[in-house]
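What follows is one structure encoded as structure tokens, with my remarks underneath.
Protein chains: 2
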Amino acid sequence: MSDVRGRSVTITEIARAAGVSVPTVSRVVNGRGDVAAATRERVEALLREHGYRPPPRARSTRAGLLDLVFNDLDSPWAVEILRGVEDVAHAAGAGTVVSAVHRTSDSARQWLSNLQARGGDGVILVTSDLDPPLTEELRQLAVPVVVVDPAGVPPYDVPTVGATNWAGGLAATEHLVELGHRRIALVGGPRGLLCSRARLDGYRAGLESAGLELDPDLVREGDFYQESGYRLGAELLALPQPPTAVFAASDQMALGVYEAVRRSGLRVPDDVSIVGFDDLALAAWASPPLTTVRQPLAEMGALAARTVLAMAAGETADNPRVELATSLVVRESTAPPRA
Amino acid sequence: MSDVRGRSVTITEIARAAGVSVPTVSRVVNGRGDVAAATRERVEALLREHGYRPPPRARSTRAGLLDLVFNDLDSPWAVEILRGVEDVAHAAGAGTVVSAVHRTSDSARQWLSNLQARGGDGVILVTSDLDPPLTEELRQLAVPVVVVDPAGVPPYDVPTVGATNWAGGLAATEHLVELGHRRIALVGGPRGLLCSRARLDGYRAGLESAGLELDPDLVREGDFYQESGYRLGAELLALPQPPTAVFAASDQMALGVYEAVRRSGLRVPDDVSIVGFDDLALAAWASPPLTTVRQPLAEMGALAARTVLAMAAGETADNPRVELATSLVVRESTAPPRA
């Protein structure tokens, strides 16, 4: 029997040590039910004792299924992540099963039971806020899980893929400062989400390095959707001293601010400069095209898919916490303030 | 043995007639491989002879997989259809496997081989233009297929779910005529697609019933994407006699026309009225909000999913050609022409 610190032990060696056939060990490794309980226990003990790890891609000989789970499918945002996941999964011969759990336990439970019934080789949760009991059930299934754009800080053993939200908030604010703006408002995302807090802190840091103080009147909390951008934009424009620039923490909220500006009889960027966040396709289609912070959503999806496929093949994630770089895309919605 | 014209024959009766066990007949019905060839042939002959049809939902006792196949995942359009499909599939305990075949045979072939390897209970093809050989391979798999928004007229035995594109083109044009417009341009979709031809014919019919003649100078062919709307919109505005209104055959092209109008120093709707087609979420987010023809994409996806699940359960589609109604949504991008 080999030393685990040297090369890794093989199924043949485990079978010999357990006094069973190689196919029996293989059945235990693959979690199949047709092995007597006593035999299974003996084999599992040996596998643990010798630190057995399945060879890479041992599980990908059959066509796999990756589960991609969103809260809702109501945003162009979802399709960008899906595009990256599907691309990697398709090439690897795996299917991408898309589900929406609508932030309800019932729907999440239904998804979990569907997953249990049909099997699945890996799960990608997007902006997850699964209930703790459901998270525990998912863990029991022993399916590899990766979280994209984590809502909070997940348990240490779940790899996450995010974007550099703080750096993005900083870059958006610095861009507006450099154009000469001093009254810069923030239409932020829900404070409960990690990404919103990081964007807010990047905004604050951008103001501070320019020697500007954060004016609480200019900081509003939206929900990432267009309607809240419109409402909060209108509130900001109605202030006695309105801002000359607005950083909206999502492209959809930025479009809401566009409409508030238009309804006030003002123009973007002549009267108000606007910066968004995400760089969805619709940012380039806005009129004028939107200056925004690019979040590489398709790349985040692709990396999550590669990570979960590697985990399904028995590898461990290289780095459990990855943030891909955001970058400022300057288009036509920003200009110096009126003199 | 019962008469097929009376009640339908049961598996028990088939088993008795074939001289085999009920589980054996069940294995044949469910297409499993562990039945001797001679037995399988005898049982299949009896099933055919007596017109056996599995009871509804006989196959849905295991969790199913619905394949949803797009050409590309590069449009907010895809996510609307996906939302409808996922909703129905999720509730039925089935997973929705999303694939993009990028209009290449290689990618479509890879998808087919993935499907063969993992199995699937039904396929929804969106705006399908699969190669004839691939269509034939798909038919060999004997998986139920439904086409959403057919690119052309598919073989008579494949059910389709579309929208009333002709009526939508008519409604858009009539709305502009009623506002007083006489020079109404069309930025159409690719002529090769059935839906584009129907929208063009609806536009023509709307002009004709107002006693207006179609001016070929005012009819342009785009590709449904924003860039073509921008380019063709700019061409139209540069005409010696520019149109006062534009009907764009997709919301994305309509946004391109917005940008062409803005760059000409003009305003929507003061100088140019614009009507789109689709009613994607971004239509309501445009500034000004876009008047458009609503295509019920989520409902189309939901109906396709219900149809394919029913077919998987052994039912036949009620109606092989369904067109769901479009409707005009009047927002703020249309107004009477300047006097």
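Quick mapping for you: the protein sequence lines, in order, are chains W and Z.
Quick note, the first sequence lines up with residues 225 to 563 if you use this note's numbering.
Quick note, the second sequence lines up with residues 225 to 563 if you use this note's numbering.
Just so you know, even glycine gets a beta-carbon here, dropped at the ideal spot from N, CA and C.
Simplified DSSP state of residue i, which is helix, strand or coil
i	result
Glu539 (chain Z)	coil
Ala429 (chain Z)	helix
Asp495 (chain W)	coil
Arg363 (chain W)	helix
Thr263 (chain Z)	helix
Asp291 (chain Z)	strand
Ser420 (chain Z)	helix
Ser323 (chain W)	strand
Asp475 (chain W)	helix
Ala528 (chain W)	helix
Thr550 (chain Z)	coil
Gly489 (chain Z)	coil
Asp502 (chain Z)	strand
Thr388 (chain Z)	coil
Glu445 (chain Z)	strand
Val481 (chain Z)	helix
Thr285 (chain W)	Any answer about Thr285 (chain W) is weak, because its pLDDT of 39 lies below 50 and its placement is not dependable; what the coordinates show is given next. Reduced to three states, the DSSP call for Thr285 (chain W) is helix.
Gly393 (chain W)	helix
Cutoff 8 Å: residue i Cβ touching any chain Z Cβ
i	result
Gly489 (chain W)	no
Gln450 (chain W)	yes
Pro300 (chain W)	yes
Leu358 (chain W)	no
Gln334 (chain W)	yes
Tyr482 (chain W)	yes
Leu479 (chain W)	yes
Arg486 (chain W)	yes
Contact list for residue i against chain Z, beta-carbon separation under 8 Å
i	result
Glu523 (chain W)	Under the 8 Å cutoff, chain Z gives no residues; its nearest Cβ is about 14 Å from Glu523 (chain W).
Asn338 (chain W)	Ala287, His314, Gly317, Ala318, Gly319
Ser474 (chain W)	By Cβ distance, chain Z contributes nothing, its closest Cβ being about 11 Å from Ser474 (chain W), past 8 Å.
Leu400 (chain W)	In chain order: nothing, as chain Z lies at least about 20 Å away.
Chain-ordered chain W contacts of residue i [CB-CB under 8 Å]
i	result
Thr320 (chain Z)	Val321, Val322, Ser323
Arg307 (chain Z)	Leu297, Asp298, Ala324
Buried/exposed call for residue i, threshold 16 Cβ in 10 Å
i	result
Asp330 (chain W)	exposed
Leu463 (chain Z)	exposed
Thr516 (chain Z)	buried
Gly376 (chain Z)	exposed
Asn295 (chain W)	buried
Gly319 (chain W)	buried
Ser323 (chain Z)	buried
Asn389 (chain Z)	buried
Gln476 (chain Z)	buried
Thr236 (chain Z)	exposed
Test: residue i CB closer than 8 Å to a CB of chain W
i	result
Trp390 (chain Z)	no
Pro512 (chain Z)	yes
Leu456 (chain Z)	no
Leu506 (chain Z)	yes
Arg327 (chain Z)	no
Distance between beta carbons of residue j and residue i, contact taken as under 8 Å
i	j	result
Ala526 (chain Z)	Pro383 (chain Z)	14 Å between Cβ atoms; not a contact.
Ser557 (chain Z)	Pro513 (chain Z)	7 Å
Glu483 (chain Z)	Tyr449 (chain Z)	With 8 Å as the limit, Glu483 (chain Z) and Tyr449 (chain Z) do not qualify as a contact, their Cβ atoms being about 13 Å apart.
Gly412 (chain Z)	Arg423 (chain Z)	7 Å
Leu365 (chain W)	Asp291 (chain W)	Leu365 (chain W) to Asp291 (chain W), Cβ: 11 Å. No contact.
Thr468 (chain Z)	His405 (chain Z)	5 Å
His399 (chain Z)	Leu552 (chain Z)	6 Å
Leu506 (chain Z)	Leu506 (chain W)	5 Å
Leu270 (chain Z)	Ala241 (chain Z)	5 Å
Leu297 (chain Z)	Arg307 (chain W)	4 Å
Ala391 (chain W)	Thr550 (chain W)	6 Å
Leu460 (chain Z)	Arg444 (chain Z)	7 Å
Ala522 (chain Z)	Glu304 (chain Z)	5 Å
Phe471 (chain Z)	Ile408 (chain Z)	6 Å
Closer than 8 Å at the beta carbon, the chain B residues around residue i
i	result
Glu310 (chain W)	The chain inventory of the structure shown lacks chain B, comprising the protein chains W and Z.
Closer than 7 Å at the beta carbon, the chain Z residues around residue i
i	result
Val303 (chain W)	Leu297, Pro300, Ala302, Val303
Contacts of residue i in chain Z (Cβ-Cβ under 9 Å)
i	result
Arg240 (chain W)	Under the 9 Å cutoff, chain Z gives no residues; its nearest Cβ is about 32 Å from Arg240 (chain W).
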